[in-house]
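For the sequence shown, this note's numbering gives the first residue as 45, with consecutive numbering after it.
All C-beta atoms in this analysis are idealised placements derived from N, C-alpha and C, irrespective of residue type, glycine included.
Only a predicted model underlies this, so the values are computations on that prediction, with no experimental measurement involved.
Have a look at the structure below, then the notes.
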Amino acid sequence: MRVLSIVFVLIFACFTAAWGMEAKIVRLSGEVKIRRGIEETWHPASVEMILKEIDTITTGEGGEVLLQIDEGPTFRLGANAILDIADLKKITEQELFLYLTRQKVDQLKPGKGRRPLRTGNVSAVHGEDKSADQTKPENTGIPWTPETNGAKALLEQAYYTNAILKLHKIAQRYPAIEKCREFHCSLGQAFEALNEPGQAIDA
Numbered sequence: 045m046r047v048l049s050i051v052f053v054l055i056f057a058c059f060t061a062a063w064g065m066e067a068k069i070v071r072l073s074g075e076v077k078i079r080r081g082i083e084e085t086w087h088p089a090s091v092e093m094i095l096k097e098i099d100t101i102t103t104g105e106g107g108e109v110l111l112q113i114d115e116g117p118t119f120r121l122g123a124n125a126i127l128d129i130a131d132l133k134k135i136t137e138q139e140l141f142l143y144l145t146r147q148k149v150d151q152l153k154p155g156k157g158r159r160p161l162r163t164g165n166v167s168a169v170h171g172e173d174k175s176a177d178q179t180k181p182e183n184t185g186i187p188w189t190p191e192t193n194g195a196k197a198l199l200e201q202a203y204y205t206n207a208i209l210k211l212h213k214i215a216q217r218y219p220a221i222e223k224c225r226e227f228h229c230s231l232g233q234a235f236e237a238l239n240e241p242g243q244a245i246d247a
């Protein structure tokens, strides 16, 4: 009974820590919008605005925003990009490979096809129909471009595990992207940064 209580305490502590993450907009230019939690409406962003882990931010052509994460490091999101604030919560390599392993196991189950990875609290709140690529402002280009631009921002700023997970999520929603050379290049760069170049082949 005592062990069970400890487990519940640990789960609650992890849940509380995850929901405590915040990002503050410290600078922006051009078109930048945010979406709160499970809302489908996008609102204009402003400096000093606080974003929670369940929120999403997007930039238009020529837009750019600088975020400060938990009053610590900053993160720059360039033009024509979209990102869940939860994507900025760094995950360990062990957590990443557990996700990827589970994905492969799910695909091997009879009658199971490709499906999006579930990535913690943001998936539970947004649901598979409310992830960053859904209900975004109208985009007339390639549908996954804002998503991949968000993943590239993660890659460029050394969020390697997060970038890999983000790219896998994009591939689950847009299978056609696997024919894109740039997609595989970004995935390969991220795995190489983790000293796991061979993983990119199976990704």
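- For Val149, the enclosing alpha helix (DSSP H) has its first and last residue at Glu137 to Leu152.
- Per DSSP, the beta-bridge partners of Thr100 are Arg79 and Asp128.
- Contact check between the region 73–87 and the region 97–104: three or more CB pairs, one atom from each, fall below 8 Å, which counts as touching.
- Checking the DSSP bridge columns, you'll see Gln112 partnered with Lys68 and Thr118.
- A direct Cα-to-Cα measurement between Arg146 and Gln138 gives close to 12 Å.
- Straight-line measurement puts the Cα of Gly74 at about 30 Å from the Cα of Ile135.
- Between Ala197 and Leu121, the beta carbon gap of about 5 Å places them in contact (Cβ cut-off 8 Å).
- Per DSSP, the unbroken alpha helix (DSSP H) holding Tyr204 starts and ends at Tyr204 to Arg217.
- Judged by DSSP in its simplified three-state form, Leu95 adopts strand.
- Residue environment: His212 is assigned as buried (16 or more neighbouring CB atoms within 10 Å of its CB, all protein chains considered).
- Counting C-beta atoms within 10 angstroms of its own C-beta, Ser90 has fewer than 16 neighbours from the protein chains shown and is therefore classed as exposed.
- Taking the C-beta atoms as reference points, Gly194 is found nearer than 8 Å to Lys210.
- In this structure, Ile69 lies near Leu111, with their beta-carbon atoms less than 8 Å apart.
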